[in-house]
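Participant:
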Amino acid sequence: MGMMKHLMVRSRRRSLWMMHFCLGGCNGCSIEIMAALTPMYDLERFGILNTGNPKHTDVLLVGGSVNHRNRRTLKNLIDQIPAPRLIVAVGTCALTGGIFNEAYNIIGGANRVVDVDVYVPGCPPKPEAVIDGILSGLDKFEQ
Amino acid sequence: MNLAKLWVPAAAVIAAPVFGGLIAGIDRKISARLQGRYGPPILQPFYDLYKLFGKDPLAVNRWQPFFAAMYLFGAAASVAWLALGGDLLVLFFLTTFTVGFLVLGASCVPSPFSRAGAGRELLQALVYEPVLILVFAAIFQQTGRWDAAGVWRQGGVLLAQTPLLYLCLFLVLVIKLRKSPFDFSASPHAHQELVRGVLTEYSGPFLAMVELGHWYETALLLMICALFWSSVPGSAILVAATVAGLIFVDNLFPRLTWRWMMARIWLPLPGLALLNLIWLMV
Amino acid sequence: MTVSVIPVGPQHPVFLEPFQLKLVVEDEVVSEALPRFGYVHRGLEALVVSKDFRQMTRVAERICGICSAIHGMTYCRAIEKLLGITPPPRAQMLRLVWSELHRMHSHLLWLGLFAEAMGFESLFMQIFRIRETVMDILEQTTGNRVIISVNVIGGVRRDLDAEGADGIRRALKKVAGDLERIRPVLVDDYSVRKRTEEKGILAKERAYELGAVGPVLRASGISQDIRRTGYGAYGELDFEPVVESGGDCQARCKVRYRELFQSMDLIRSGLDRLSDGEIQTKSKEKPEGEILVRSEQPRGEVVYYIRADGSKHLQRLRIRTPTFANMAALMDLLPGLDLADVPLVTLSLDPCIACTER
Numbered sequence: 008m009g010m011m012k013h014l015m016v017r018s019r020r021r022s023l024w025m026m027h028f029c030l031g032g033c034n035g036c037s038i039e040i041m042a043a044l045t046p047m048y049d050l051e052r053f054g055i056l057n058t059g060n061p062k063h064t065d066v067l068l069v070g071g072s073v074n075h076r077n078r079r080t081l082k083n084l085i086d087q088i089p090a091p092r093l094i095v096a097v098g099t100c101a102l103t104g105g106i107f108n109e110a111y112n113i114i115g116g117a118n119r120v121v122d123v124d125v126y127v128p129g130c131p132p133k134p135e136a137v138i139d140g141i142l143s144g145l146d147k148f149e150q
Numbered sequence: 009m010n011l012a013k014l015w016v017p018a019a020a021v022i023a024a025p026v027f028g029g030l031i032a033g034i035d036r037k038i039s040a041r042l043q044g045r046y047g048p049p050i051l052q053p054f055y056d057l058y059k060l061f062g063k064d065p066l067a068v069n070r071w072q073p074f075f076a077a078m079y080l081f082g083a084a085a086s087v088a089w090l091a092l093g094g095d096l097l098v099l100f101f102l103t104t105f106t107v108g109f110l111v112l113g114a115s116c117v118p119s120p121f122s123r124a125g126a127g128r129e130l131l132q133a134l135v136y137e138p139v140l141i142l143v144f145a146a147i148f149q150q151t152g153r154w155d156a157a158g159v160w161r162q163g164g165v166l167l168a169q170t171p172l173l174y175l176c177l178f179l180v181l182v183i184k185l186r187k188s189p190f191d192f193s194a195s196p197h198a199h200q201e202l203v204r205g206v207l208t209e210y211s212g213p214f215l216a217m218v219e220l221g222h223w224y225e226t227a228l229l230l231m232i233c234a235l236f237w238s239s240v241p242g243s244a245i246l247v248a249a250t251v252a253g254l255i256f257v258d259n260l261f262p263r264l265t266w267r268w269m270m271a272r273i274w275l276p277l278p279g280l281a282l283l284n285l286i287w288l289m290v
Numbered sequence: 052m053t054v055s056v057i058p059v060g061p062q063h064p065v066f067l068e069p070f071q072l073k074l075v076v077e078d079e080v081v082s083e084a085l086p087r088f089g090y091v092h093r094g095l096e097a098l099v100v101s102k103d104f105r106q107m108t109r110v111a112e113r114i115c116g117i118c119s120a121i122h123g124m125t126y127c128r129a130i131e132k133l134l135g136i137t138p139p140p141r142a143q144m145l146r147l148v149w150s151e152l153h154r155m156h157s158h159l160l161w162l163g164l165f166a167e168a169m170g171f172e173s174l175f176m177q178i179f180r181i182r183e184t185v186m187d188i189l190e191q192t193t194g195n196r197v198i199i200s201v202n203v204i205g206g207v208r209r210d211l212d213a214e215g216a217d218g219i220r221r222a223l224k225k226v227a228g229d230l231e232r233i234r235p236v237l238v239d240d241y242s243v244r245k246r247t248e249e250k251g252i253l254a255k256e257r258a259y260e261l262g263a264v265g266p267v268l269r270a271s272g273i274s275q276d277i278r279r280t281g282y283g284a285y286g287e288l289d290f291e292p293v294v295e296s297g298g299d300c301q302a303r304c305k306v307r308y309r310e311l312f313q314s315m316d317l318i319r320s321g322l323d324r325l326s327d328g329e330i331q332t333k334s335k336e337k338p339e340g341e342i343l344v345r346s347e348q349p350r351g352e353v354v355y356y357i358r359a360d361g362s363k364h365l366q367r368l369r370i371r372t373p374t375f376a377n378m379a380a381l382m383d384l385l386p387g388l389d390l391a392d393v394p395l396v397t398l399s400l401d402p403c404i405a406c407t408e409r
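If you're matching them up, the sequences are chains A, V and F in order. Count along the first sequence starting at 1, add 7, and that's the number in my numbering. Count along the second sequence starting at 1, add 8, and that's the number in my numbering. Count along the third sequence starting at 1, add 51, and that's the number in my numbering.
(1) State the start and end residues of the unbroken alpha helix (DSSP H) segment that holds D78(F).
(2) Here's a check: name, in chain order, each residue in its chain whose Cβ is nearer than 6 Å to the Cβ of V165(V), leaving out the five neighbours to either side.
(3) Is there a Cβ of chain A sitting closer than 7 Å to that of I188(F), yes or no?
(4) Taking DSSP's pairing of strands, which residues face W237(V) in a bridge?
(5) Is the CB-CB distance between N60(A) and T208(V) below 7 Å?
(6) Consider the Cβ of T45(A): report whether some Cβ of chain F lies at a distance smaller than 7 Å.
(7) For V99(F), collect the residues of the same chain with a Cβ closer than 8 Å to its Cβ; drop the 5 residues on either side in sequence, then sort them by chain order.
(8) Terminal residues of the continuous alpha helix (DSSP H) containing F100(V)?
(9) Using only the alpha-carbon positions, how far apart do K133(A) and L160(F) sit?
(10) Of all Cβ atoms in chain F, is any one closer than 7 Å to the Cβ of G125(V)?
(11) Would you verify that the beta carbon of L84(A) is, or is not, closer than 7 Å to some beta carbon of chain F?
(12) Please classify W266(V) as buried or exposed, where buried requires at least 16 other C-beta atoms within 10 Å of its C-beta.
(13) Under a three-way DSSP split, which group does A194(V) fall into?
(14) Reducing DSSP to helix, strand and coil, say where A50(F) ends up.
(15) Check the C-beta distance from M169(F) over to R128(V) and give it rounded, since I have them as a contact under 8 Å.
(16) Spell out a yes or no on whether the segment 218-229 of chain V and the segment 128-146 of chain A are touching, meaning 3 or more CB-CB pairs, one atom from each, closer than 8 Å.
(17) Could you name the residues of the same chain whose beta carbon sits closer than 7 Å to that of C233(V), not counting the 5 residues immediately before and after it, in chain order?
(18) Pull up the CB-CB distance for A45(V) and M176(F), whole angstroms please, since I reckon it's below 8 Å.
(19) Cutting at 8 Å between CB atoms, please list the residues of its own chain near Y274(V), excluding the five before and the five after it.
(20) I believe P386(F) touches A84(F) by the beta-carbon criterion, under 8 Å. Please report the beta-carbon distance rounded to the nearest angstrom.
(21) By Cβ distance below 8 Å, which residues in the same chain neighbour K13(V) in space, the five residues on each side in sequence not counted?
(22) Please decide whether K63(V) counts as near chain A, where near means a Cβ-Cβ distance under 7 Å.
(23) What three-state label does DSSP hand Q62(F) in the structure shown?
(24) Verify the CB distance criterion: does E149(A) have a CB-CB separation below 7 Å to chain V?
(25) Per DSSP, which one or two residues make a beta bridge with F28(A)?
(26) Please compile the residues from chain A whose C-beta is within a distance smaller than 7 Å of the C-beta of A40(V).
(27) Considering only C-alpha positions, which residue in the set L112(V), S211(V), A168(V), V180(V) is nearest to N284(V)?
(28) Run through the segment 275-360 of chain F for me and flag every whole alpha helix (DSSP H) of 4 or more residues, listed as ranges in chain order.
(29) Hey, out of R20(A), P89(A), N108(A), D124(A), whose CA is closest to V97(A)'s CA?
(30) Quick check: is the beta carbon of F171(F) nearer than 7 Å to any beta carbon in chain V?
(31) Taking R45(V) as the query, report the chain F residues whose CB atoms sit under 7 Å from its CB, ordered along the chain.
(32) Provide the residue span of the beta strand (DSSP E) that contains Q177(F), from first to last.
(33) What do you reckon, are the CB atoms on I194(A) and H27(A) nearer than 7 Å?
(34) Excluding sequence positions up to five away, which residues of its chain have a Cβ less than 6 Å from the Cβ of R30(F)?
(35) So G162(F) and I178(F) are in contact, right, with Cβ under 8 Å, and what is the actual spacing, rounded?
(36) Using a cut-off of 7 Å between C-beta atoms, extract the partners of S211(V) located in chain A.
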């Protein structure tokens, strides 16, 4: 039994299917997430695959700040992701609302709606930082 | 019934997914290298599969897990049947059956993506099923046997007589394994209009079952390919070349539409196969 | 005939940004398309009440990450006109260099996503590999990859030394070589042509009627480029707008592909004409009055309207972004399309939702 469990933890750490969802931001973070998939950074060498389908997702990358409309969409998406899942907030907007925090339609960072596991600061964070953020959240799968 | 004979299909049922998974891993690695990336480890598909089994089971309705299981069972049974040296015509019905369950599983959910994917999967079946039956007919024409064991024993190099037919079988493989340009019912890559097509609504263990079934189907089709050069080294070379061809074709083409497939492939493909068959007969 | 409604979005792998297209589909042919917006709306034009006009430069840059340098530049130009100052020639030329680099990064991103929308994974990867060279120059010369924040009111924040200029020239040479190598795939390849040719045709008259802007308009055969009005340093350089006549996805792809080379020419001649001197004109005044300023973004014409009353805060800021202008054209194109071509045609207009909704 111990070996099966060990293997499961190992598989979960090695095989992360990701999806990114951009909320009310400037889109800069999703550009950098796309860039992280491509030859220079290549997320797939860590087994991270871009799925774009919540039902296949292990790690959700949230970029941008939450507004009154996309709050429901984000909640909906999270409900469709089967456990165990990892939620990474990418970029200053997803952390706190960033520069738009005072705008009338903005509620705040992603943690107003969901429990965020890893915060990746930066405006926008470099692809290296995104990769580092995802990989540092892997310890969640140890339990 | 000789019980001792059963170890061959049993071994095949265990070995086929390992083989299919390895093919998938090699495919992903080589594709990545062709795209200028480092790529995942070869064992990546196995990590993916094992992880999927450990996810929370979220089924849309009661039928979905059942159809996923039936698809897996059908694919495994086809492999076992071929390994047993069974009748090729029965094998044909088994594969049709298998695809039917995949389509049913995809259409029993309300998601429009999944349903549209199911429709396209059926159209694909419409294209490759006639070719498969013609391939089996040609094998019979050449060897005089319907059972796979007999074909393997007296086949020789069937490829020399049936190059056009093998080309058709290769295209069937491209369609069946959902490679570009025919990856419109469920692409392994994201970024398409139907999200993941027939696989959209499966999640966790059920997706793992479908994935496992897909590996069985990969192994099954490559085993049929191997019949075209019935010797161990010969079939190994043939299968390796076929897989390499698949990977290159996958990376050389964008995704085309099912309308294009129906217009350009549907009739010419069986036509080409038939031409080869007629040539064998005269 | 089965009629179904397919909701593309708010989360969908084809679109980077949340926006919804409700497609009424009959046998995989779109009969009706309804867009729904509001997922990215932040209300940042109203931020003028809480941020002063200098801080607003940073907000303007974050309207959209893909065209951020040109948003910042347009905002600064508007404020400079209100203040009655002109940036020094060196600053003007540096603005040109960086905004053209930004245009290149945007067009390369678009080419990559366009390839991915066709399901051409390997082409997508190759284009993004080329794009990384441009991103490296941006990072080397400005310190950030996407939001480069070089514009300040009265000029630019950073200078470019001779070494930096040489670095840009060398990198452009590499990018030009790499782009030449993918040309046969984009232009001649049978399967790519099958997916792009005669898909989503926007006729010349129709494009004009619907008020399309930028590469979409130029791909329909209308020669319009706001850079030709000669704002900033563009007046010193000589260039012709890139025009194609097809009006289909292939034409829009060719326009953007050729504009990459045009941008490279502009950057090279801009670097050659870089004069010595200051990079910023300082002013202690507060803006007053009303102004309308236009620029050419990667996606087309952007219009800034500003009203100020001489205090620290602006009274009004209003932005008409290019994607907003192109949305009417998109809604005109979608009905009648095959479902498989919807992502391709939508992306061929290069929709930037963050810009549209602000």
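By construction, the Cβ of each residue, glycine as well, lies at the ideal position given by its N, Cα and C atoms.
Facilitator: Straight from the coordinates:
(1) No alpha helix (DSSP H) contains D78(F), which DSSP labels as neither H nor E.
(2) So the qualifying residues of the chain are W237.
(3) I188(F) does not count as touching chain A.
(4) DSSP output for W237(V) lists V165(V) as bridge partner(s).
(5) Less than 7 Å separates the beta-carbon of N60(A) from that of T208(V).
(6) Closer than 7 Å: yes.
(7) Within the same chain, and ignoring the five residues on either side of V99(F) in sequence, the residues whose Cβ sits closer than 8 Å to its Cβ are M107, H364, L365, Q366, R367, L368.
(8) 96-115 is the span of the alpha helix (DSSP H), which, as asked, contains F100(V).
(9) When rounded, the distance between both Cα atoms is 16 Å.
(10) So no, G125(V) is outside the interface.
(11) Chain F, which has a Cβ nearer than 7 Å to the Cβ of L84(A), makes this yes.
(12) If you draw a 10 Å sphere on the C-beta of W266(V), you find 16 or more other C-beta atoms in it, and that means buried.
(13) If DSSP states are grouped into helix, strand and coil, A194(V) belongs with coil.
(14) Residue 50(F) lies beyond the range of chain F shown here (52 to 409); nothing can be said about it.
(15) That belief does not hold up - the Cβ atoms of M169(F) and R128(V) are roughly 17 Å apart, past 8 Å.
(16) Contact between the segment 218-229 of chain V and the segment 128-146 of chain A is absent, with fewer than three C-beta pairs closer than 8 Å.
(17) So the qualifying residues of the chain are L177, L246, V247, T250.
(18) Strictly speaking, residue 45(V) in this sequence is Arg, with Ala absent from that position. Yes, R45(V) and M176(F) are in contact; Cβ-Cβ is about 6 Å, under 8 Å.
(19) Before going further, note that residue 274(V) is Trp rather than Tyr in the sequence given. Beyond the five residues adjoining it in sequence on each side, W274(V) comes within less than 8 Å, by CB distance, of L134, V135 in the same chain, given in chain order.
(20) Separation of the CB atoms of P386(F) and A84(F) is rounded to 6 Å, and the pair is thereby assigned contact status at 8 Å.
(21) Spatial neighbours of K13(V) in its own chain (CB-CB distance under 8 Å, excluding positions within 5 residues in sequence) are listed in chain order as L92.
(22) For K63(V), the answer is yes, since a Cβ of chain A falls inside 7 Å of its Cβ.
(23) Note: Q62(F) maps to coil in three-state DSSP.
(24) So, not an interface residue.
(25) Within the DSSP secondary-structure output, F28(A) pairs in a beta bridge with V69(A).
(26) Annotation: Cβ neighbours of A40(V) in chain A (cutoff 7 Å, chain order): E51.
(27) Ranked by Cα distance from N284(V), the first of L112(V), S211(V), A168(V), V180(V) is A168(V).
(28) Along the segment 275-360 of chain F, the alpha helix (DSSP H) occurs as fully enclosed runs of 4 or more residues at 300-323, listed in sequence order.
(29) Measuring from the Cα of V97(A), the nearest candidate turns out to be D124(A).
(30) F171(F) counts as touching chain V.
(31) In chain order: M176.
(32) In the DSSP assignment, Q177(F) falls outside any beta strand (DSSP E) and lies within the alpha helix (DSSP H) extending over 172-193.
(33) Lying outside 8 to 150, the shown extent of chain A, residue 194(A) is not represented and no answer is given.
(34) Residue 30(F) falls outside the range modelled here, since chain F spans only 52 to 409, and no answer is possible.
(35) The question names Gly, but residue 162(F) is Leu in the sequence shown. The Cβ separation is near 5 Å, so the contact holds.
(36) For S211(V), the neighbours in chain A by C-beta distance under 7 Å run, in chain order, K62, H63, P89.
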